[in-house]
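Be aware that the sequence shown starts at 45, since it is given in the numbering used here, and climbs by one per residue.
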Amino acid sequence: MPHLLVTERDPLGSPHLRAAACPRQCATGPATRDRAGRLMRSLGTAPMRQPLVRRAPVRRQRRGVPIVSAFATRYRSHTCAEAARAPAGENVKVAGRASGPPRGKDAVLTVSDPHGSIEVSLADRPELQESLAAITAGSVLQVDGVLEEFAAERADEPPRRRIRATRAQLLAGALPLPIETDDAGEARTSREDRLRYRYLDLRRPAMRHRLAQRSRLVHAIRTHLHEHGFVELETPALAAYSPDATTAFVVPREPGRCYALAETPQLYKQLLMAGDCDRYFQITRCFRNEPRFGPMHQPEFTVLDLEMAYVDEPDVYERFDALIAHVLEQVWDIRIELPIRRMTYQQAMAEFGSSRPDLRFSLPFRDVTEALRGAGGPFFEQALLGKGKESGMVRAAVLGAEHVRDSSDPALGELVAPLQAAPAGVRAVRVGTGKQLEGPAAKGIGKAVAARVVDQLGLKPGDVVVLIAHADPGAVAQTIGLARGVLAERAGLVDPDAPPSLVWVTEFPFFEYDPATGAWGPARHPFCQPHPEDRELLKGAGALRRRPAVTEGEEIDRGKDFGAGAIFPDDPPARRELAKVRSKSYELVLNGEELLSGSIRNHELRVQERIFAMFGFDREEVERRYGPLMEAFRYGLPPHGGASLGLDRLLARMEKRTDLIDVIPFPKDAHGREPMTGAPSPIDPELLRALLEPS
């Protein structure tokens, strides 16, 4: 049967060609095609209508006949990796970077390209040895020669290939490199230098691998969504500027008027639903102008944005479950069980103390409040009882003796030291040989109380018990979320080779309260749909009022500022009912971090108007800020929902990286600057004034 050349990738990521049967496209007779089709159907595979990679039919490769490389050009016949696998005696031409001048009696140097490396011997060419004697590492070299076989350094390894050069040409010289460009040198290179010489940092094999993984990730997403009826559409990056957009990048357009770089495609994707674009997605950049950026944040970042009409929450979960499973299998060869686990926000907070639980390890905090009733000492009297009240809570987690190398008094204090600023009190005690509780925090725990705790938790000698106590159960829950991460890291509970932990967290609160200012604001965005069971709780909330305008010189906490959409409770007891209102919003959590967030949107005009009224927006302001979308409501908006997934973060976590600069080709530093180009650049004051001031 005739064959096609199909590009594959070896485990190192280097493409090569193989022969693949294609019963529909090859020049065979009907009988042959029918037999091939029956064979493929019997194996559960339908004959392909179109090959994955279409090329002209060629004959089966014969021994000694060279394979034509997909990378062949006038400068090379093979990549270095392909040449290293080709038969001895074959004539090859490679191009890449030299390791330095030739060394040893065989005058050997190494040539590397993005696909691999191969040794080159200049032993038979003294004139080449002389001309390349001063070549520097990183110089670009082209080599012609014949492949020869030579023994490996170890006897148990197969023979290796190298090129005996007949010709070599220096294509581009290189100055001594200011940073190391091998993988081992990454740890010795500062973050600033990696960004300053980014084009050199990209030469690291591990860095190139991660960027190749980025390409495969995007390809896998597009392939899957196109196959499931989605259309890829772009929304504007230049969006309308709003004074409330405190983290927007402003783009002057004409005197007195400007755009803002889009922080999210939210408005436009909902308008696409109004335009009957049934299933939309795009892989796009979003922009956020903040004072500083942590290792997992960038001023410009890439997201998969997706929206669907006529869906509810289960439909969104099902679609993303299939997408995530496809991506993990195609890019990382990881298979996960479906459906992905789901839990409500309240369940997550109660069980794990966090809305983003990491399920790669088991570290439950059990309620030992009743067992510890009667315990004395400052920790329990102040944190638990709170001036005589018995409404407090104590939760306990057990670290087995196998996870604790040192349980001395100083070590117990060091174990929980990172949690001393947590909302609730945190202490650690150890279990002695007689199953008594020991340590500074155990002084107020009598024998009877200790026995109850030991029995309830099933403790054994050498175990360490971490106790979290506070009069406010909410503070305990928040501290549990912090403690799980700290303790898991210190006790080595997370297997670095463990499969990814994925969980949907659903029914997030609709409102968010800031105790520092007494303001309520939208926990998500004002277009999120409230939970249908909680709509009654929204009634009677007309007394909510706007945050007062910030006067000149007044300082506010921008970390929790809700801007113009914030509201204050005139009747605190009544307003606390707002905390019970749930939304039809959700997050997909990967290894304890948000990977995706989204919601089912409002499609009923009266509900949307009611929500705007609660946030204190009058009709004029609503029209000014959201005019096109409000018009779309009046012309009929279908039920719709979707989500946005952070591609940079997904790639970083799956590649086990803790800094986004490891997965983005040209990232910014912690100040939002690009050291390589000096951006942002100075601008002439007169030009800036002309752009900003109305004529």
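Yeah, the Cβ is synthetic: ideal placement off N, Cα and C, and Gly gets one too. Values in this document were obtained by computation on a predicted structure and should not be read as measured data.
If you count every other CB in all the chains shown that lies within 10 Å of the CB of residue i, and 16 or more means buried, which is it?
| i | result |
| --- | --- |
| K137 | buried |
| N135 | exposed |
| L261 | buried |
| P146 | buried |
| E357 | buried |
| E381 | exposed |
| A723 | exposed |
| E278 | exposed |
| A492 | exposed |
| E737 | exposed |
| P574 | buried |
| Y324 | buried |
| L282 | exposed |
| Y312 | buried |
| P726 | exposed |
| Y557 | buried |
| V112 | exposed |
| S627 | buried |
| Y630 | buried |
| T123 | buried |
| D226 | exposed |
| V460 | buried |
| V275 | exposed |
Does DSSP classify residue i as helix, strand or coil?
| i | result |
| --- | --- |
| T388 | strand |
| R364 | Sequence inspection shows Phe at residue 364; the Arg mentioned does not correspond to that position. Looking at F364 - three-state DSSP - the assignment turns out to be helix. |
| Q342 | coil |
| D227 | helix |
| P170 | helix |
| D359 | helix |
| H575 | coil |
| R410 | strand |
| T550 | strand |
| P729 | helix |
| S175 | helix |
| Y679 | coil |
| F582 | Just to set this straight, residue 582 is Leu in the shown sequence, not Phe. Of the three classes helix, strand and coil, the one that applies to L582 here is helix, per DSSP. |
| G529 | helix |
| P711 | coil |
| A734 | helix |
| E664 | helix |
| L282 | strand |
| V295 | strand |
| L481 | strand |
| R404 | coil |
| R669 | helix |
Strictly by DSSP, which residues pair up with residue i?
| i | result |
| --- | --- |
| L185 | G140 and L214 |
| H514 | M437 |
| S161 | S156 |
| L350 | F325 and A687 |
| W376 | None; W376 has no bridge partner. |
| F331 | E344 |
| P566 | F555 |
| I207 | V164 and L191 |
| A132 | Looking at the DSSP assignment, A132 forms no beta bridge with any residue, so it has no partner. |
| Y630 | T550 and G642 |
Which whole-angstrom value describes the C-beta separation of residue i and residue j, a residue pair presumed to lie in contact below a C-beta threshold of 8 Å?
| i | j | result |
| --- | --- | --- |
| D692 | T328 | With a Cβ gap of about 12 Å, D692 and T328 do not count as contacting. |
| I162 | A127 | 5 Å |
| E142 | A181 | The residue you asked about is not Glu; residue 142 is Ala in the sequence shown. About 7 Å; that satisfies the 8 Å criterion. |
| D188 | T210 | 5 Å |
| L546 | I368 | 7 Å |
| G740 | G565 | There is simply no residue 740 to check, as the chain begins at 45 and stops at 739 in what is shown. |
| V371 | A264 | 5 Å |
| V549 | A392 | 5 Å |
| A441 | P408 | 7 Å |
| P339 | L704 | 7 Å |
| L639 | G690 | 6 Å |
| A151 | A167 | 5 Å |
Terminal residues of the continuous beta strand (DSSP E) containing residue i?
| i | result |
| --- | --- |
| T267 | That residue, T267, is in no beta strand (DSSP E); its alpha helix (DSSP H) goes P249 to E271. |
| R301 | R301 to L305 |
| R654 | Here R654 belongs to no beta strand (DSSP E); instead the alpha helix (DSSP H) covers L649 to M658. |
| R474 | G469 to V475 |
| L639 | E637 to I644 |
Along the alpha helix (DSSP H) that carries residue i, what are the first and last residues, could you check?
| i | result |
| --- | --- |
| P454 | D453 to V460 |
| D237 | R235 to R240 |
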